[in-house]
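**Q**
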Amino acid sequence: MKCQMSQLLFCFFIWLLGWFMHPQFDTVFIECRNAQTLVLMLQSTEVSIVMKACEAIFKFAEKCDENIKQLLALGAINPLVSLLSHEDQFIRRNAIMALGELSSNGLLTVLISLLTCSSDPLRLSSCQALASLTKGHRENCSLAVNGTTSLLELLKSLACLVVPATTVLCNMCMNEGPRTCLQEKGAISALLACLVSTDPEIQTSVLQALAALVCDSKSRAELRAADRLPLIINLLNSEYKEVYFAACWTVSSCAADESTVQEFCKLGVLQILHKLNLSKSRCSHFNETVYTKLLAKNLPAKYSFTGHLSSCDFVLDGFYDVGKLRPDTQLPSLEELIRMPLNVHRPTLLINAAPCADDSLSKSKEEENVQQWPKLGVSQTNSYQWLPPTDPILQGYINETHTMVQPSMSMQEQIVILARFVSNKMGGAVTRLNEFSWELHCSKLKEELNSNVIPIGKIQKGIYYHRALLFKVLADKLAICSTLVRGSYGRAWNEVLLRQDSTTCCQSLPETSSKFIVDLMYNPGDLLVANGRNSYSYCRF
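The sequence shown maps to residues -20 to -1, 1 to 521 in mature numbering (1 follows the signal peptide of the UniProt record, and there is no 0).
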C-alpha cells in the first residue's frame, strides 16, 4: 500500500513539474532510482508525465549497462514502442531516443519480432523505430538483416507500412553486407512491385531504396530483366518534386552500367531530362549531372546531341555517327539503322573493328566479308543476340598505326604521322573541295552495301567529318589525347594538346599556345593554333 502511494505521489510530482517545463528534450532529466516506477509512468494518460518518463528512462539507461538490463527485464520495450505512434511529436521523439539507448541490448531483435504481429499499429511503430535506429548506424543495419523477410512482406501489406519499410531497406543498403542480403532475397522485384502505387510518398521512398540497392552490375541486370524501367522513366514526369528527384537518383545509380543506360535511352530518358533542364521551375544541377552521366555512357548520343567528344571519351567498337540531332529527338539504335531501307540522307558511320584480324587475309576476302555484313544483320533471328558487323579494314588501320607510331617519338611527331595516315586513307590532300567527289563515292558505297550504315574503313574519299572521326578512333587506340568536335556543313575537327617544352613541341610552334587543331584536309599534319585565323578558316564554312 505504501509502495503504491509513493508511486502515485511521484507521478503527481512529475505532472506538476510538467507545468513549469517546456517540452524540449534538452530540459532537466528526471532522476529515479525505481526503474519499475518509470516503466509504470509510460502507461499514464497525461502527456507531460509520459514525456518526462521517456526522458528519465533515457538518462537512467545512459548511466550503465546494468540499468539497461533492468529496464529490459521490466518490459520497457513494448510501452516505448507503442508510444512511437503517439499523436504528440515530443513523446514520439523522446520514445525513439529512449529506444535508441536500449538498441545495443536486444531492442532490434524485439522490434523485428514485432514486424510479424497481428496489430497493424504495433507493426507500424516497430517499423518506424527500425527506420530511426538503422539510419547511419552500421551495426544496427547488420542486425536488421534478420528481419529482411518480414520487411519485404510488409511491402505487400497496408500502404501505411510501405514507407517505413522501404526506409529501413534504404538504410540497410548503405552497407555492403546487408545490401547483398537484400539482393539475394529479391528486394528489387519487391520494390518494383510497389511502383504501381499512385501515392507520391510511397513512390519517393521506393525509388530511394532502389537507387541505394542497384549499385552493381548484377543488380542492374536484374532491374533490366524485371521490365519495369518504363515505370521509373514515367516518374521523371511526376508533378511532385520529391518523386522526380528520387527517380533521377535511381537513373543516376544505373548510369554506371552501359547496358542499362542503353535501355533507358531507348525509353526516352534523355529527352525527358532535357525537357526538365529547360524548365525554369524544375531544372536543377542534379538533373544536368544525371544527363551528363548518361551521355558519358552513350557516346553516339553524346556526339549527336552535343557535337563534342572530349579526350576522355574513348570511341570504342559499336560507336556510330548519325549526324547532328536535336536533343529532344530520339536516337535510333544501330540495329534499327541497319534494318532501315535505303534513303537519300547522310550515311551513318560505323566504328566496329574486327576483334581478331588475320594479317594474311587478302584484300578481296576483306571486301567480301564487309559486303556481306548488312545481310547478316538482317537475317539473324530473335533466338540469337544481335551483334553489329565488324570492319576488318579498320582493324588493319589500327595494326598499321601501331607499327608506324612509336612511343619513343615526340607527341607532335605522333600526331603528324597519324594525321598524314588518315589523310592518305581518305583520299589525300584536297586542293578544291568542290572537285573532290566524295558524295558520289559515299552514295555508291550505300548502294553496294544496300544499307544506310557504312563502316569507316570502307570510305576512301572522305571530308572533314569522316577524317576527324577516323583520327579520333586511331588516336584513342594510340593513347593520343584528342577531342572530336562537330561543326556546320559537314565540318568536324580534332583538338590536341601539346606540352610547351622542347621534347614535345617544335620550335616553330608558338610558345604561348598549347591547344591545336589538326589539319587533315589541305596540309595534312599541320597544327593550327586554336582560335587563330587559320584554324577559324578550317573550322568554318
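Positions of the beta carbon are idealized from the N, C-alpha and C atoms, including for glycine.
1. On the three-state DSSP scale, how would you describe tyrosine 469?
2. What do you get for glycine 55, buried or exposed, if any count of 16 or more other CB atoms within 10 angstroms of its CB means buried?
3. On the CB-based measure, 16 or more other CB atoms within 10 Å of its CB, does leucine 508 come out buried or exposed?
4. Under the three-state reduction of DSSP, which class applies to valine 433: helix, strand or coil?
5. Please go through the same chain and pick out, in chain order, the residues whose beta-carbon is closer than 7 Å to the beta-carbon of residue 552, but skip the five residues on each side of it.
6. If you draw a straight line from the alpha carbon of leucine 134 to that of leucine 175, how long is it in whole angstroms?
7. Have a look at Ile71, Ser112, Met154, Cys107 and flag the residue whose alpha-carbon is nearest the alpha-carbon of alanine 139.
8. Quick check on the DSSP output: the beta strand (DSSP E) that includes phenylalanine 401 runs from which residue to which?
9. Between which two residues does the alpha helix (DSSP H) holding valine 143 run?
10. Quick check on the DSSP output: the alpha helix (DSSP H) that includes aspartate 301 runs from which residue to which?
11. Compute the distance between the beta-carbons of phenylalanine 244 and leucine 209, then report whether it is under 8 Å.
12. May I ask you to report which of helix, strand or coil DSSP gives alanine 510?
13. Looking only at DSSP bridge pairs, what is glutamate 475 linked to?
14. For tyrosine 518, name the three-state secondary structure that DSSP assigns.
15. Hey, could you find the ends of the beta strand (DSSP E) isoleucine 331 is sitting in?
16. Per DSSP, valine 371 is paired with what?
17. Does histidine 2 come out as helix, strand or coil in the three-state DSSP assignment?
18. Which same chain residues end up closer than 7 Å to lysine 304 when comparing Cβ atoms and leaving out the 5 residues on each side of it in sequence?
19. Can you tell me where the alpha helix (DSSP H) holding alanine 56 begins and where it ends?
20. Going by CA-CA distance only, name the one from Tyr224, Ala75, Thr240, Gly437 that's closest to aspartate 207.
21. Alpha carbon to alpha carbon, what distance is there between threonine 25 and tryptophan -6?
22. Over what stretch of residues does the alpha helix (DSSP H) that includes aspartate 456 continue unbroken?
23. Mind checking which residues open and close the alpha helix (DSSP H) that includes tryptophan 229?
24. Flag this pair as yes or no: are the beta carbons of leucine 464 and leucine 449 separated by less than 8 Å?
25. Could you check the C-alpha separation between leucine 88 and asparagine 267 for me, to the nearest Å?
26. Check whether the stretch 43 to 50 touches the stretch 17 to 32, counting contact only when three or more Cβ pairs, one atom from each stretch, lie closer than 8 Å.
27. Buried or exposed for cysteine 234, please, with buried defined as at least 16 other CB atoms from any protein chain shown within 10 angstroms of its CB.
28. Of the choices Lys39, Pro101, Tyr445, whose alpha-carbon is the least far from that of methionine 77?
29. In the DSSP assignment, the alpha helix (DSSP H) including tyrosine 271 goes from what residue to what residue?
30. Measure the beta-carbon distance from serine 313 to serine 462 and round it to whole angstroms, keeping in mind my assumption that it falls under 8 Å.
**A** This is what the structure gives:
1. coil
2. exposed
3. buried
4. strand
5. Lying before the first or after the last residue shown, residue 552 is absent from the chain, which here runs from -20 to 521.
6. 15 Å
7. Cys107
8. Premise fails: phenylalanine 401 lies in the alpha helix (DSSP H), 391 to 405, not in any beta strand (DSSP E).
9. 139 to 152
10. Not the alpha helix (DSSP H): aspartate 301 falls in the beta strand (DSSP E), residues 299 to 301.
11. yes
12. coil
13. Ile497
14. helix
15. 328 to 331
16. Strictly speaking, residue 371 in this sequence is aspartate, with valine absent from that position. Note: aspartate 371 sits in a beta bridge opposite Ala333.
17. Residue placement at histidine 2 cannot be trusted, given a pLDDT of 41 that sits under 50; what the coordinates show is reported in the next sentence. Three-state result, histidine 2: coil.
18. Ser284, Gly287, Arg466
19. Counting along the chain, alanine 56 falls outside any alpha helix (DSSP H), and DSSP gives it neither H nor E.
20. Thr240
21. Residue confidence for tryptophan -6 is low, a pLDDT of 44 falling below 50, so the modelled location carries little weight and cannot support an answer.
22. 444 to 457
23. 221 to 234
24. yes
25. 38 Å
26. no
27. buried
28. Lys39
29. 265 to 276
30. Not quite, the Cβ-Cβ distance comes to about 27 Å (not below 8 Å), so this is no contact.
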